[in-house]
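Colleague: Input: one structure, supplied below.
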Amino acid sequence: MASSKKRESILNIDKHVDKRVHVKFQGGREVTGVLKGFDPMVNLVLDETVEHLRDPADPYRTTGETRRLGLVIARGTTVMLICPEDGME
Numbered sequence: 000m001a002s003s004k005k006r007e008s009i010l011n012i013d014k015h016v017d018k019r020v021h022v023k024f025q026g027g028r029e030v031t032g033v034l035k036g037f038d039p040m041v042n043l044v045l046d047e048t049v050e051h052l053r054d055p056a057d058p059y060r061t062t063g064e065t066r067r068l069g070l071v072i073a074r075g076t077t078v079m080l081i082c083p084e085d086g087m088e
């Protein structure tokens, strides 16, 4: 017998909408921006986005330099980590 219960997501990022978040992607890119929205596939809409540039000699280190990106739509399959910029609860 099939259950009619709706599956609940283990991610609860609703509480971070309209707040600054730090996002890490596959491949090493990192950005910070205001989370404006998301969908069940964790595609993200970020505003006022800033990319943290990596050191070309050592891709595991950031240089401290940034690049403004503005409004960004990030594909959920590349998102590895989402965390609030102001720290954990």
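For the sequence shown, position 24 matches number 23 in numbering that gives the first Met the number 0, and the numbering has no gaps at all. Heads up, the beta-carbon is just placed ideally off N, CA and C, and yes, glycines get one too. On a predicted model such as this, the values are computed, not experimentally measured, just so you know.
(1) Identify, in the order they occur along the chain, each residue of the same chain with its Cβ nearer than 6 Å to the Cβ of V33, setting aside the five sequence neighbours on each side.
(2) At which residues does the beta strand (DSSP E) containing G86 begin and terminate?
(3) Buried or exposed for L43, going by 16 or more other Cβ atoms inside 10 Å?
(4) What runs of the beta strand (DSSP E), each 3 residues or longer, lie entirely inside the region 3-69?
(5) Going by the beta-carbon positions, is the gap between T65 and R53 smaller than 9 Å?
Modeller: Taking the structure as given:
(1) R19, D46 and E47
(2) Here G86 belongs to no beta strand (DSSP E), and DSSP marks it neither H nor E.
(3) With 16 or more other Cβ atoms within 10 Å, it is buried.
(4) 19-24, 29-37 and 43-53
(5) no
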